[in-house]
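Chains A and B, in that order, give the protein sequences. Counted the way our numbering counts, the first sequence spans residues 40 to 294. Counted the way our numbering counts, the second sequence spans residues 985 to 1228. Written out below as structure tokens is the structure these notes cover.
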Amino acid sequence: MGLLSDLFFTFLSTIKDVLPIALIIFGFQLFVIKKRIPQTKKVIVGFIYVIIGLAFFLVGLEKALFPLGKIMASQLTDPEFISGGIKTATDVIQWQEYIWVYLFAFMIGFSTTIAEPSLIAVAMKAQEVSGGAIGVRGLRIAVGLGVAIGISLGTYRIVSGTPLHYYIIVGYVFVVIQTFFAPKMIVALAYDSGGVTTSTVTVPLVTALGLGLANTIPGRNPMIDGFGLIAFASLFPIITVMAYAQLSEWRAGKK
Amino acid sequence: MNSAFLQFLKSVANSFRDLLPIIIVIAFFQIFIIQSPIPNINDILIGTLLVAIGLALFIRGLEMGLFPIGETMAFSLAKKGSIFWLFAFAFALGFGTTIAEPALIAVAGEAANVAANGGMIENTETAKSGYATGLRITVALSVGLAIVLGVLRILKGWPIHYMIIGGYVAVVLMTMIAPKEIIGIAYDSGGVTTSTITVPLVTALGIGLASSIKGRNPMIDGFGLIAFASLTPMIFVMVYGLII
């Protein structure tokens, strides 16, 4: 019974999220454009699919993925697990001890990004518009790798306690330089892919990981150090997507 | 009917393939590294099935509803030739989808706690909820403006990278003068604004506009709206932290 009521309430809250968007769209359609929407029935059925689909998706995540992912994040960051239960007198943290955390961050970043619905949407459009030059699969893997690198670097930052803005500013400088060498058609898409990576699936897991780390490492403030992982996850895909286009161009040129 | 059902099963199977990496990662860590049994295996199986069905339905709805409506609205508004209504639509879409975004509400609440602990505002419920609401309005305004700016860029055909680089410079400059407590939240707020429903709509809007205006290439000019929507909140949130 719990499952059905979960589904029902998530369904209601999804409707609440979609409502302002639907109002804006249908309001403009009715009062500004003043034309019937072509294939109105199909569009409305599509909206209903989106709402039901998202509700199923969210309930499934809450049931399966999030509890497990959060337990794992807390187990992996537990000092018992890290130093094998041996209490040392010194408070010095060896960043190498957190190797499983970086690996977990890398793999969970990659795999959740592959399943991120908004990335699938953008990749579908990119394939359509580029006439197949950019594939759905290739783009998703490139973005997934970017998030993976970003999040593992972000966990390293929390462990080592270095300031967030140094990493982000260096990343920006890299993006700016890379922009001038990347194929022109990829630039806008690459910038976009930074923003789409971080939504429904990735954010809750990554936040749990960041807060878990910041809570268990002495001298870290969860309020200051727990944030910032999302910023890493939005920056690095820009670099990997441009690199993906550069690589494809280079391979095409060699043939 | 039967073939429609078959097609649905096929897309559920495809969604499973998308979820496979997550399943492998979790199983690997659980079995080899953490070495403890997985709790509530039933819940996990049901949950995974729900996720796969949900993803399949969502993608189908995307193709039937969100993509076509985003593009036809862009076409109609471009054909109408009224810049005012186009900008009004762009702003409403950005502002309206952001203000109610659950991820933003969560981040704004956390930010209010940080501000109260840091002594920037009084540590009372009213002060905190006022701060959180102010932050949400700030971010929603910045996303609305970002979409308007992005639409203007598509109309004019300006190259995106100068605008984004300009935005980066503004972020870096703001980082130097903004209060330290707000920086992490400001950086994260860029990522949380773009939700699963906003992204397809905004992408379709950009591509629809770029395809309906002569001389614009949808690949070069159509993308980029989301990039603006993730950049401006960082700047605006740091300004907000500076003023309050």
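Where is the CB? At the ideal position from N, CA and C, for every residue including glycine.
Among the CB atoms of chain A, one or more fall inside 8 Å of the CB of Arg1044 (chain B). Using a Cβ distance threshold of 8 Å, Pro1217 (chain B) and Ser1113 (chain B) do not count as a contacting pair. If you draw a straight line from the Cα of Lys102 (chain A) to the Cα of Ile1030 (chain B), it comes to about 8 Å. The three-state secondary structure of Ile256 (chain A), taken from DSSP, is coil. What Phe47 (chain A) touches in chain B, judged by beta-carbon distance under 9 Å, is nothing: the nearest beta carbon there is about 13 Å away. A direct Cα-Cα distance of roughly 8 Å separates Ile1166 (chain B) from Ala1099 (chain B). In this structure, the straight-line span from the alpha carbon of Ile278 (chain A) to that of Ala227 (chain A) is close to 12 Å. Residues of the segment 1130-1151 of chain B with a C-beta less than 9 Å from any C-beta of chain A: Pro1143, Ile1144, His1145, Ile1148, Ile1149, listed in chain order. With a beta-carbon spacing of about 5 Å, Met224 (chain A) and Met1203 (chain B) fall inside the 8 Å limit used to define contacts.
Using a Cβ distance threshold of 8 Å, Leu1088 (chain B) and Ala1162 (chain B) do not count as a contacting pair. When secondary structure is reduced to three states using DSSP, Ser1060 (chain B) falls in the helix class. Annotation for Val1135 (chain B): the continuous alpha helix (DSSP H) segment containing it runs 1109-1140. In this structure, the alpha-carbon of Gly249 (chain A) lies about 17 Å from that of Thr239 (chain A). Chain-ordered, the chain A residues with CB closer than 7 Å to the CB of Val1009 (chain B) read Met146, Ile147, Ser150. Within the model, the alpha-carbon separation for Leu62 (chain A) versus Ile1053 (chain B) is close to 13 Å. In the three-state reduction of the DSSP assignment, Asn1024 (chain B) falls in the coil class.
Straight across, the Cα-Cα distance linking Leu274 (chain A) with Ser987 (chain B) is about 43 Å. Gly177 (chain A) and Thr1110 (chain B) have their C-alpha atoms spaced approximately 49 Å apart. Judged by DSSP in its simplified three-state form, Glu155 (chain A) adopts coil rather than helix or strand.
Bounds of the alpha helix (DSSP H) holding Leu178 (chain A) are 175-199.
By the neighbour-count criterion, in which a residue is buried when 16 or more other Cβ atoms sit within 10 angstroms of its Cβ, Lys55 (chain A) is exposed. Neighbours of Leu1193 (chain B) across chain A, judged by C-beta separation under 9 Å, do not exist; the nearest C-beta is about 13 Å away. Under the DSSP assignment, Ile1167 (chain B) falls in the alpha helix (DSSP H) whose first and last residues are 1164-1176.
Listed along chain B, the residues sitting closer than 8 Å to Lys223 (chain A) by beta-carbon distance are Ile1204. Contact annotation: Val1221 (chain B) and Leu1119 (chain B) have beta-carbon atoms nearer than 8 Å. Tyr230 (chain A) reaches chain B at Ile1144, Ile1148, Gly1208, Ala1211, counting residues in chain order whose Cβ is nearer than 7 Å. When secondary structure is reduced to three states using DSSP, Ile76 (chain A) falls in the coil class, being assigned neither helix nor strand.
Not one beta carbon of chain A lies nearer than 8 Å to the beta carbon of Gly1065 (chain B). Contact between Thr1032 (chain B) and Gly99 (chain A) holds: CB atoms are separated by about 7 Å, below the 8 Å threshold. For a Cβ distance threshold of 8 Å, residue set Gly233, Gly234, Ser273 of chain A lies close to Ser1214 (chain B), ordered along the chain.
Here Glu119 (chain A) carries a helix assignment [DSSP, helix/strand/coil]. The beta-carbon of Thr1117 (chain B) is placed no less than 8 Å from the nearest beta-carbon of chain A.
At a beta-carbon threshold of 7 Å, the residues of chain B lying near Thr218 (chain A) are His1145, ordered along the chain. For Val140 (chain A), no chain B residue has a C-beta closer than 8 Å to its own C-beta; the minimum C-beta separation is roughly 10 Å. When rounded, the separation of the alpha-carbon atoms in Pro222 (chain A) and Ala165 (chain A) is 15 Å.
Note that the C-beta distance between Ile1219 (chain B) and Ala1154 (chain B) is below 8 Å.
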